[in-house]
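Heads up: the sequence shown begins at 1 in the working numbering, then just goes up one per residue.
A short worksheet on the structure shown next.
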Amino acid sequence: MPHTEYGQAEELLRQQWNLTGALERLPGENLNYRVATAEHGPLVLKISLEAHADIPLEEAMVDHLDAAGFPVPISIPAVSGARSVNATLPHGPSAARLQRHLPGTPWRDAEQTDALLRSIGRSLGTMHHALRSFQHPAAARTHGWDLAMAMRHHHAVDQFTSPHQRSILERCFQQHSAITMPGLAHCPHGMLHGDFNDENILVDQEKITGLLDFGDCLHGALIEDIAVTLAYALERSRGSLEQARPLIEGYEEIRALTDTEQSVLLPLAMMRLAIYILTDSTMRQSNPDGGMRNQHVDVAWQTLETCMALSPTAARTTLCAGCHLQPTPQPNYESVEQSRRSHISNALSLNFERPLHITRGQGQYLHADDGRPYLDLVNNVCHVGHCHPQVVDAIASQAAVLNTNTRYLHELLGAYAERLCSTMPDSLDTCFLVNSGSEANELALRLARAATGSNDVVVIDGAYHGHTANCIAMSPYKFNGPGGPGPSDWVHVVPSPDVYRGQYRDDDAGAAYALDVADQIGAICAKGRSIAGMFSEPILSCGGQIPLPKGYLPSSYEHVRRAGGVCIADEVQVGFGRLGTSFWGFQSHDVVPDIVVLGKPIGNGHPMGAVVTTRSVADAFDNGMEFFSTFGGNPVSCACGLAVLDVIEHEQLQDRALELGQHFKAGLERLQSNHQLIGDVRGQGLFLGIELVRDRTTLEPADQEASAVVNSMRDRGVLLSTDGPLHNVIKIKPPMVLTKDDVDMTLRHLDDVLQDLTPNPTASY
Ligand code: PMP
């Protein structure tokens, strides 16, 4: 084999095709040569650097398009009759083909006129149309540029040190995960060119003279192909959507884009640019001497930067202004805000300085009116994911058949009660179904009083148990807070068993705090009163995401029962597998309550609550006064509750909470070792808390910093909130369909946000 590159190529041509001619190297990552032959005129010798198994697919696609009249590079068979021959070149095994040379200039080198863009769009549309009848067993494949699999590049964001660049890339991935991935399944699919870029389209003025390089073809959503071409059009227009629009208009002349296709189009194009940047960076990392940084990368950054400045909704409106299908207009922000202000009490507050107008939810994401997705890390109501299709379907199907009260026999009532009780210890076998956590706690109070004949209750400082009059009276979080009336004589507060900033912080803290409960009960009895029970959450939620120390609940339960009271577990926030290690929070403490209160996640957003208790407590309550809740336990709620339990089980969400919770907590602890501001990381499963302090010795609460973190995270598309008596605890309690990828992204964002915040000793609070 001759040693020079040209010599090798000439030899190959002569041996395999029995042809000679002058060779000229063409640009591109493959070894492509233009060959001037006397017999066939100009041809292209195409040597793929890695011999790939998908050449038959590529060839079949080219033949199909050739037959349909498209200007594509059909192959000239070698002397052996083969379309592609294996060649062992010094750089390794290669595949060589000889293809028809097509006339024209690469789009990259042509002037980008509206007419040309329209013509490129049309040609992509007609190509998709022609490929509708194309089938090939190798078409279901993937490769590094497959946009449907873009999330596999996410980890590479770590390679970038600039927080600004990282936040641009994170936005692309977030859009991909929240908008594109759920949408793609609903988009028309077919054969894709796979890389319809500015080198692979040959043009003459506005005429398309050649479609090249089908090496990345695959089966997928057609919109992916359009997005690739759009990415290049946007690069040429430096992100101007108006200038790129004729491309979409041209495509629409052949096939109208669906609503979903329109909404994923720009996110996909941005993702393509991000993959380009990430692939370049990965290559550069593995080969630092690989030469000058590609100029294309700078253009890709600039283009992304411009695209980011527009909201997804505004971008879609501009890009798809010429489309047949136009989106239904959203009510405008100001009018929504105004009507709320006019008719809703100010006592109902809103999150964030400029509140979000949320228009839909899906999985772990909430979508705002401007189309921007937000990762929801605070909503433990939509436990199995916002609008989970199985739950939505259960509600809608039952609502279409029957929804009435529980004064008739209905199989779903018994089925649901039995299913709920089956998740509890055997003694907890009787259910009351109501409509909210407050209602459930209110009923739990009545049950406790009926079972004991006593009136008073013990609650933990900082607790919140609901908004009804009695629940407010049992919630120090409210009655001791702004506007609160202070304690009622029948409610007795014990200190929060907080091992981070409370009185006891050592290994015996659980028993020590339980003694506070005993002391309080002693004081109550000394006043001639008696207790009906103690309300406690298995991890304190509004009280500051505080896990109860080991031994606290067993000892407290003992003290309460010895005094004749019953033990009530408020599982409204932490139940249904959220803690990972057990389905119910109380099970993590090895106790069995007498009454369990359920709410929030029970209906995944459908208004439901429940009280589960022992038959003897329920019998004591059955004193002749009828219990009735108009809506509680209706067939729709039961169908919904059953669907929630099914999804938790089928999607193994408890195991997921355990695994992801450990990963999340470990990541937060790593952040704690780098950021002085993080005083404590605590919690379990997907119920975590980050306490911010200005000084790790004095524990001065960093409330303003906590709020700054929450606001910066919101700007980055992640919803968090603060809680705790000192407003310095960031709480994390997301829908349980969160992914590891979401967790890693959150940790990277938090790292960057905390970097900007140093403890501020002079801030007043
Ligand atoms: N208990 C706890 C622990 C809660 O967090 C809440 C609500 N935040 C309630 C009870 C009251 O539930 P609801 O708002 O459904 O009435």
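For every residue, glycine included, the Cβ atom is placed at its ideal position computed from N, Cα and C.
- Here S263 carries a helix assignment [DSSP, helix/strand/coil].
- Shortest gap from the CB of V612 to any heavy atom of ligand 1: 7 Å or more.
- Looking at the DSSP output, L366 sits in a beta bridge with G361 and Y374.
- Taking L553 as the centre and dropping the five residues before and after it, the same chain places the C-beta of H589 and V591 closer than 6 Å to its C-beta, in chain order.
- In this structure, I226 lies away from L319, with their beta-carbon atoms at least 8 Å apart.
- With respect to the 8 Å criterion, S541 and Q573 are classified as neighbours on the basis of their beta carbons.
- Linking G502 to P725 through their CA atoms gives a straight-line distance of about 12 Å.
- Taking a C-beta distance under 8 Å as the contact criterion, T430 and R615 qualify as a contact pair.
- Boundaries cannot be given for V79, as no alpha helix (DSSP H) includes it and DSSP labels it neither H nor E.
- Proximity to A314 across R372, Q302 and T359 peaks at R372, based on C-alpha coordinates.
- For D570, the Cβ falls inside the 7 Å cut-off from some heavy atom of ligand 1.
- Relative to the Cα of P482, the nearest Cα in the group I472, W490 and V491 belongs to I472.
- Runs of alpha helix (DSSP H) with 4 or more residues, each lying fully within the segment 393-424, are found at 411-421, listed in chain order.
- The closest CA to that of G603, considering only D498, R446, V647 and D158, is found on V647.
- Distances taken from the Cβ of Y464 to the heavy atoms of ligand 1 include one shorter than 7 Å.
- P735 places its beta carbon less than 8 Å from that of H386.
- For H40 against M127, the beta-carbon gap comes to about 25 Å, at or over 8 Å, which does not count as contact.
- Taking a cut-off of 8 Å on C-beta distances, the segment 274-281 does not touch the segment 342-356, as fewer than three cross pairs fall below it.
- Nearest to P73 by C-alpha distance, out of G92, Q99, E571 and H559, is Q99.
- With respect to the 8 Å criterion, M745 and F134 are not classified as neighbours on the basis of their beta carbons.
- Bridge partners of A96 according to DSSP: I47 and V85.
- The three-state secondary structure of C431, taken from DSSP, is strand.
- The beta carbons of H101 and V157 sit no closer together than 8 Å.
- About 6 Å separates the beta carbon of V459 from that of V493, a gap short enough to meet the 8 Å contact definition.
- In the displayed model, A138 falls within coil according to three-state DSSP, outside both helix and strand.
- The way I'd put it, the segment 429-446 doesn't touch the segment 510-525; fewer than three beta-carbon pairs between them come closer than 8 Å.
- Distances from the CB of H467 to the heavy atoms of ligand 1 include at least one below 7 Å.
- If you compare the alpha carbons of S335, V336 and A148 with that of M271, the shortest gap goes to A148.
- Across the set Q755, D756 and Q112, the C-alpha of Q112 shows the shortest separation from the C-alpha of Q205.
- Between ligand 1 and the CB of C542, the shortest heavy atom gap is smaller than 7 Å.
- For F173, the enclosing alpha helix (DSSP H) starts and ends at P163 to Q175.
- Nearest Cα to S707 within the set T697, N403, D723 and R696: D723.
- Annotated three-state conformation of C640 is helix, per DSSP.
- The segment 208-217 makes no contact with the segment 165-182: fewer than 3 CB pairs, one atom from each, lie closer than 8 Å.
- CA-CA distance, H727 to R132, rounds to 59 Å.
- For Q684, the enclosing beta strand (DSSP E) has its first and last residue at I678 to Q684.
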